[in-house]
């Protein structure tokens with residue numbers, strides 16, 4: 001039985017538990033049909049030309065893993081930003097762990113998608129926001145059909161989350177290969193502010209495929225900082241689709257740090273609906289072995305006087321492969337736009353590959369759009385500079401790579417997170433630096 | 438200390454150094470002057486071991502040891518230091534972290550343990566004071582957004598920390614105003630000792646008012662065409678380089 005067939009039959013069983021008369025039921029059914037019609041994406045699809053899911057789809061995944069896998073805090077503490085106090089939404093094999101989590105309903109809602117979907121008081125929210133910015137793309141549709149659990153975060157008007165919120169999805173792999181489909185909904189109302197850190201972490205040797213979908217709504221003047229840390233094990237693959245809807249004068253940044261995992265696909269989709277929006281999309285990718293990271297970004301500019309800034313840096317060693325497919329789409333009314341896209345890559349080994357495809361589609365006539373893309377090796381002049389100070393070749397190369405990746409960190413607003421990522425980068429590259437300044 | 442004998446060097450099939458000989462003894466300051474494109478910076482790069490330059494003929498020894506086959510870092514470990522004309526920006530690596538890394542890499546090469554943190558800190562403070570460098574400056578990313586003067590001062594700070602046997606200052610005066618020039622020159626002078634030597638590469642005599650050379654050499658078209666004492670520098674300042682050319686033709 002193919003994975004698609006398995007999912008079809010699982011869906012019938014899953015649907016049995018759902019109330020047939022809820023509006024969500026129709027939505028799920030339509031989403032499942034959309035997935036069935038499209039099937040899994042293949043290399044024939046332009047957007048998937050350089051990323052093949054074939055080997056991942058051959059695995060026999062458990063679609064509804066047994067939800068009783070407990071893990072000890074001491075075993076997973078290192079995956080949390082434990083230096084500071086945070087709200088935490090922790091899921092183990094797709095099931096909420098109240099033991100590891102710290103939720104709140106005090107002023108802001110940091111709780112569960114399952115509550116939001118099932119409790120009457122959240123009905124208006126779900127009706128207004130759920131699946132409203134997510135597209136009908138096949139994997140997103142599949143996630144919508146199977147939506148069950150994930151993070152639900154709402155920051156009301158003029159409120160600010162007093163501490164960052166961590167969303168962590170652990171997979172224990174206790175029963176062979178696992179398919180996880182977390183679904184997050186984040187609503188940041190007028191002039192509200194939130195910082196979110198998301199992480200997916202496999203804890204076993206068994207394969208895990210995560211098909212995650214996140215919808216973010218930034219209302220008028222809202223401010224959202226979202227950080228994705230992708231440093232998973234070799235057996236873990238992630239397809240992340242994050243959809244952001246921005247209203248007037250909102251600022252939303254998404255930083256993606258991809259250092260691990262077997263295959264990672266980041267679909268990042270911004271829609272700027274109101275004037276004066278600012279979207280920031282930053283990423284650092286440092287991979288080796290046979291790892292594959294694909295960034296697929298779209299910034300859809302609809303309104304006037306907006307900005308978008310994309311800065312993606314990649315370092316590829318051994319036989320690793322990277323993809324950067326960045327599209328900026330400017331509608332005819334999106335005048336006075338300032339859009340900037342930068343993608344710089346360093347290939348360390350002859351076997352490493354990067355496929356970069358920047359795309360600008362502009363229908364407005366009074367805009368400033370620029371993009372730059374480089375693929376190269378380390379700067380010889382800079383290497384000589386370091387070596388002339390007595391720093392050996394290997395360390396000198398590492399320092400330069402560190403410096404190259406580091407520029408993206410400037411805009412990380414949580415100091416402890418910045419330090420943590422700094423260390424991850426230094427570790428990954430093998431530089432030995434004390435971080436006291 | 439440094440002996441350069443009949444050195445020829447080329448880059449990308451182009452001959453730049455065409456037979457240079459130079460002897461620098463411990464305790465001496467040598468100035469190398471010459472018009473643009475005469476090979477001054479190439480000479481500095483060749484001594485420091487920059488790989489894009491191919492040594493086609495001649496020999497370079499440091500304290501009687503042939504260094505022509507050594508990597509740049511190995512030459513640094515033996516005490517050669519080059520102050521760059523255009524120092525490179527390294528974002529994310531602070532001046533302090535950079536110099537710590539460099540010092541400890543040099544120690545590692547000599548089989549020594551890392552310098553204890555307290556000694557390192559003390560030394561950094563001492564040398565920063567010597568060059569009138571603000572402490573805040575030390576936590577900035579190396580050369581990133583530095584003014585021309587800050588970059589050069591930072592080069593000499595690195596020199597002060599690494600305590601080289603042979604320091605080559607490549608156009609250290611360019612981009613410096615007179616006050617910065619004095620600070621930098623003062624730093625260099627304080628570092629001068631009986632057992633080390635300095636080669637100053639410059640266009641202008643100005644720097645030599647502050648770092649007084651024992652010898653002045655004029656480099657033209659890849660060769661040292663004239664050597665003398667510091668008076669030669671004044672003569673060059675006054676008359677330019679053309680008179681030497683004319684003298685050569687005769």
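Chains as they are written, first to last, in this note's numbering: chain A, 1 to 437; chain B, 438 to 687. Using N, Cα and C, we set each Cβ at its ideal position, and we do this for glycine too.
At a cut-off of 7 Å, the C-beta of residue 500 of chain B has no neighbouring C-beta in chain A.
Under the DSSP assignment, residue 510 of chain B falls in the alpha helix (DSSP H) whose first and last residues are 509-514. Contact between residue 157 of chain A and residue 107 of chain A does not hold, since their C-beta atoms are separated by about 11 Å, which reaches or exceeds 8 Å. With the rule of 3 Cβ pairs closer than 8 Å, the segment 605-617 of chain B counts as touching the segment 469-489 of chain B. Judged by DSSP in its simplified three-state form, residue 9 of chain A adopts helix. The beta carbons of residue 406 of chain A and residue 650 of chain B sit about 41 Å from each other, so the pair does not count as a contact at 8 Å. For residue 362 of chain A, no alpha helix (DSSP H) run applies; the uninterrupted beta strand (DSSP E) run containing it begins and ends at 353-362, by DSSP. Residue pairing by DSSP places residue 316 of chain A opposite A/287 and A/347 in a beta bridge.
Taking residue 213 of chain A as reference, the option from A/240, A/349, A/115 and A/381 with the minimal CA-CA separation is A/240. Taking the beta carbon of residue 599 of chain B as reference, the chain A residues within 9 Å of it are 389 and 390, listed in sequence order. Residue 387 of chain A and residue 588 of chain B have their C-alpha atoms some 18 Å from each other. Inter-residue distance for residue 511 of chain B and residue 315 of chain A is about 28 Å (C-alpha atoms, whole angstroms). Taking residue 219 of chain A as reference, the option from A/278, A/50, A/364 and A/53 with the minimal CA-CA separation is A/278. Burial is judged here by how many other beta carbons sit within 10 angstroms of a residue's own beta carbon; residue 686 of chain B has fewer than 16 and is exposed. When the Cα atoms are used, residue 400 of chain A and residue 590 of chain B turn out to be separated by approximately 22 Å. For residue 495 of chain B, the enclosing beta strand (DSSP E) has its first and last residue at 491-499. At least one C-beta of chain B is nearer than 7 Å to the C-beta of residue 406 of chain A. Looking at the backbone, the Cα of residue 526 of chain B and that of residue 679 of chain B are separated by about 37 Å. Annotation: residue 602 of chain B is outside any beta strand (DSSP E) and is labelled neither H nor E by DSSP. Judged by DSSP secondary structure, residue 17 of chain A falls outside any alpha helix (DSSP H); it is assigned neither H nor E. According to the DSSP secondary-structure assignment, residue 252 of chain A is paired through a beta bridge with A/224 and A/279.
In the DSSP annotation of this structure, the continuous segment of the alpha helix (DSSP H) that includes residue 415 of chain A starts and ends at 415-429.
Below the 9 Å Cβ cutoff, chain B contributes no neighbours of residue 416 of chain A, its closest Cβ being approximately 17 Å away.
For residue 519 of chain B, the neighbours in chain A by C-beta distance under 7 Å run, in chain order, 388.
Judged by DSSP secondary structure, residue 408 of chain A falls outside any alpha helix (DSSP H); it is assigned neither H nor E.
In terms of Cα proximity to residue 523 of chain B, the closest of B/573, B/614, B/677 and B/584 is B/584. With distances taken between CA atoms, residue 449 of chain B lies nearest to B/493 out of B/493, B/623 and B/458.
Between residue 384 of chain A and chain B, the shortest Cβ-Cβ separation is below 7 Å. Annotation: the continuous beta strand (DSSP E) that includes residue 211 of chain A extends over 208-218. Taken through DSSP and simplified to helix, strand or coil, residue 266 of chain A comes out as strand.
Not one beta carbon of chain B lies nearer than 7 Å to the beta carbon of residue 398 of chain A. No Cβ of chain A is located within less than 7 Å of the beta carbon of residue 663 of chain B. If only complete runs of 3 or more residues are kept, the segment 34-113 of chain A shows the beta strand (DSSP E) at 87-92 and 109-112, in order along the chain. Contact annotation: the segment 133-145 of chain A does not touch the segment 81-101 of chain A, with fewer than three C-beta pairs closer than 8 Å.
Secondary structure note for residue 528 of chain B: its beta strand (DSSP E) is the uninterrupted segment 527-531. Taking 7 Å as the cut-off, the Cβ atoms of residue 133 of chain A and residue 243 of chain A count as close.
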